[in-house]
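Residue numbers (the numbering used here): 289 to 777.
Beta carbons: idealized from backbone N, C-alpha and C, even for Gly.
Remarks on the structure that follows.
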């Protein structure tokens, strides 16, 4: 396979990307946005927004009632693998050029591919073939009993008035009650209960609350041995008489029995309330016996179903001219002959070291680097790259240009050159106005407005990294940012 000459509508030099820098950069923006968006949802799974994040990830959360006590990310007892993000921009550019190359056309009729909706669909397919979000909601939350119950008003204290019309059916209208129960009432102010006299939450599908009504005929004993003091209790009067030396009826009340006052009585009116002799109002009390013990974990991970290399190879191998496409891809990506980076490099290195051999701390596009970590604090599109450099090192002019501006406070310089000739771009090459912005530098022996020759040392690094932004005048589109790695040596 041989590619020669250059140009849109012409043939291509061996190992050259068959696309403009703008389209390659747009593809990078789109793919990294896919990864960024998924990662933002993954990050949200580990906090208060966990349920909405799971819904956004396609999970059915209708049965997920309890908030997790623990969020377990990555390798775990449920997911025995590490989350891997192996995106490589040079591989993606090379793949797209091999994918779109028209092997049925004459070499002189090969056209640049353009970034369109079809490219978006292709990148969606690539991304979804590689990654899958997985989760496991492990909920063993349950009702448990307190050792010591909480009695409203104390074990022998406050009683509360209620309308007894429906009492001991399934609901009643409390005329007074502890404030803790207000959130359990229905829209008419009624409290509802089950056969065990447990109050149900009418505002949440009549679920259990752990609060109970105390039947004042009976004592309530908790696990600690604490006992409540009902005021209308049956007790063994014979035993009471034996202790106190008096003959009481075997079934007597704490309270009034008809007109007979018994020891430790409550008022006749309160007794009548309970017995419902003279009124439709009864006296009741409440106690909190059970609580909901939250025991819930959310396990989640991003599974790499296939590597980036595998999904690329699968796609190219399924197409016509598959052998040639794979060969062209390997040529571009540098599998056999070393990385060519698409032969687009036009601008001299700023640091004296190739940008492709430098450590990138923040990438172009949406700066996604690792699952479940927001690497960059900028929650937006990144229109530049940041590379590690040694503080105080020299910065070289990438072309013959002028210093358009310099902001001393922000340590930012902008270089401009009109009609930079990108030899591979368009028929016989295209001259495009170009601006390069460099941050974290101080001018060295020059000032704004000065003219520089290619390779001149004009600035010094003031930090441990520099920020490089490249903007070109793109035909038919206007000025736009491109990944500096496309055009810098």
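With distances taken between CA atoms, residue 378 lies nearest to 626 out of 626, 364, 637. Taking 8 Å as the upper bound for CB-CB distance, residue 447 and residue 514 are not in contact here, some 18 Å apart. Annotated as distal: residue 705 and residue 418, with beta-carbon spacing of 9 Å or more. Below 8 Å, enough C-beta pairs join the segment 686-698 and the segment 724-742 to call them touching: three or more.
A check of alpha carbon separations from residue 305 across 629, 663, 463, 645 identifies 629 as the nearest. Contact check between the segment 423-443 and the segment 578-585: three or more CB pairs, one atom from each, fall below 8 Å, which counts as touching.
When only Cα atoms are considered, residue 612 and residue 380 end up about 17 Å apart. By the C-beta criterion, the segment 600-610 is judged not to be in contact with the segment 455-471, since fewer than 3 inter-stretch pairs fall below 8 Å. For the segment 580-623, the continuous beta strand (DSSP E) assignments of 3+ residues that do not extend past its boundaries occur at 584-592, in sequence order. The C-beta of residue 642 has fewer than 16 other C-beta atoms within 10 Å across all chains shown, which makes the residue exposed. Straight through space, the alpha carbons of residue 326 and residue 338 are spaced by roughly 14 Å. Of all alpha-carbon atoms in 469, 351, 504, 503, the one lying nearest the alpha-carbon of residue 488 is that of 469. No residue range can be given for residue 743, since it is assigned to no alpha helix (DSSP H) and is classified by DSSP as neither H nor E.
The Cβ atoms of residue 748 and residue 689 do not sit closer than 9 Å to each other. Taking all protein chains in view, the Cβ of residue 340 is surrounded by fewer than 16 other Cβ atoms within 10 Å, so the residue is classified as exposed.
The C-alpha of residue 512 lies about 28 Å from the C-alpha of residue 449. When 725, 412, 483 are compared, the shortest CA-CA separation from residue 674 is found for 725. Taking a 10 Å sphere around the C-beta of residue 491, we find fewer than 16 other C-beta atoms and assign the residue as exposed. Per DSSP, reduced to three states, the secondary structure at residue 462 is strand. The segment 383-394 and the segment 354-370 do not touch, with fewer than three beta-carbon pairs separated by less than 8 Å.
In this structure, the beta-carbon distance from residue 769 to residue 588 does not fall below 9 Å.
Here residue 441 really is in contact with residue 573; their C-beta atoms are around 7 Å apart, less than 8 Å.
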